[in-house]
Amino acid sequence: MGLLERLFGRSEAEPTLDLYNAVVARARAPHWYVEGGLPDTVDGRFDAVAAVLAVVMLRLEQEGASGAEPSARLAERFVDDMDGQLRQIGIGDMTVGKHIGRMMSMLGGRLGAFREGLAGGDLDGAITRNLFRGQAPTPQALAHVRGALIALRDDLRAAPVEQILEGWVP
Numbered sequence: 033m034g035l036l037e038r039l040f041g042r043s044e045a046e047p048t049l050d051l052y053n054a055v056v057a058r059a060r061a062p063h064w065y066v067e068g069g070l071p072d073t074v075d076g077r078f079d080a081v082a083a084v085l086a087v088v089m090l091r092l093e094q095e096g097a098s099g100a101e102p103s104a105r106l107a108e109r110f111v112d113d114m115d116g117q118l119r120q121i122g123i124g125d126m127t128v129g130k131h132i133g134r135m136m137s138m139l140g141g142r143l144g145a146f147r148e149g150l151a152g153g154d155l156d157g158a159i160t161r162n163l164f165r166g167q168a169p170t171p172q173a174l175a176h177v178r179g180a181l182i183a184l185r186d187d188l189r190a191a192p193v194e195q196i197l198e199g200w201v202p
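With my numbering applied, the sequence shown corresponds to residues 33 to 202, in that order.
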């Protein structure tokens, strides 16, 4: 629990905190890095967080207008988290904005690629471009990541949006 939460309790201004924390926890699950072959590096962890976040945001899109605000708040939380992470690894104030801009562009690219890939039933190209940065993964790693993303999408589809907004990410 953060300092502000301890001082003021859960605020309506923070409704996506639990959900964002669940996204990050899901993205840090060892299977992404072991069976999935994602590098356990700053870039690899970013790619995993962005992938899980994109799938969650795509689920919120299904709610129409009522999913737009929580999705926007998740994106804002992502920016805040990435800003803090960049500063922690020593990126200076002068360039943090540029890095954040690129990260948001990468998240947007994943949203589009995963939206198309999930709808068309072919995620392999999107996974290779976005999670393996164009380097062909092993067939086993690709199959694992594809299966994990599809399972996440399916589990999120089956869950009531209220449950997801409370921080449930399977």
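A virtual CB, placed ideally from N, CA and C, is assigned to each residue, including glycine. Quick caveat: nothing in here was measured; it's all calculated off a predicted structure.
What does the alpha-carbon distance come out to for the pair T73 and V55? For the purposes of this step, residue 73 is taken as residue 41 along the sequence shown, with counting starting at 1. For the purposes of this step, residue 55 is taken as residue 23 along the sequence shown, with counting starting at 1. So the two alpha carbons sit approximately 18 Å from each other.
Out of Q94, L51 and R161, which has the shortest C-alpha to C-alpha gap to A190? One-based indexing of the sequence shown puts residue 190 at position 158. Closest option to A190, Cα to Cα, is Q94.
Classify G76 as buried or exposed, calling it buried when 16 or more other Cβ atoms lie within 10 Å of its own Cβ. Residue 76 sits at position 44 when you count from the first residue of the sequence shown. Per the 10 Å Cβ criterion, buried.
Inter-stretch contact at 8 Å, needing at least 3 Cβ pairs: the segment 46–60 / the segment 146–161: no
Is there contact here, the segment 104–111 with the segment 191–201, by at least three beta-carbon pairs under 8 Å? no
If you follow the alpha helix (DSSP H) that Q172 is in, where does it begin and where does it stop? On the sequence shown, position 140 is the one that residue 172 refers to. Its alpha helix (DSSP H) spans residues P171 to A190.
Flag this pair as touching only if the segment 141–152 and the segment 167–174 have three or more C-beta atom pairs under 8 Å; answer yes or no. no
Between the beta-carbon of A82 and the beta-carbon of M135, is there less than 9 Å? Here residue 82 refers to the residue found at position 50 of the sequence shown. Here residue 135 refers to the residue found at position 103 of the sequence shown. Yes; because the gap between Cβ atoms is below 9 Å, this pair is in contact.
Under 6 Å Cβ to Cβ from L184, same chain only, skipping five residues before and after it: list those, please. Counted from its first residue, the sequence shown places residue 184 at position 152. Counting only Cβ-Cβ distances below 6 Å, and skipping sequence neighbours, we find V87.
Where does R60 sit, in a helix, a strand or coil, going by DSSP? One-based indexing of the sequence shown puts residue 60 at position 28. Correct three-state label for R60: coil.
Cα-Cα separation between D187 and T127, rounded to whole angstroms: Within the sequence shown, residue 187 is the residue found at index 155, counting from 1. Within the sequence shown, residue 127 is the residue found at index 95, counting from 1. Approximately 38 Å, taken between the alpha carbons.
Give the secondary structure of T66 by DSSP, where H, G and I count as helix, E and B as strand, and everything else as coil. As a first step, residue 66 must be located in the sequence shown, where it is residue number 34. Reading the sequence as shown, one finds Val at residue 66 and not Thr. In this structure, V66 counts as coil in the three-state DSSP scheme.
Closest to V177 by C-alpha separation, out of G166, I159 and A168, would be which residue? Numbered from 1 along the sequence shown, position 145 holds the residue referred to as residue 177. Nearest of G166, I159 and A168 to V177, Cα basis: I159.
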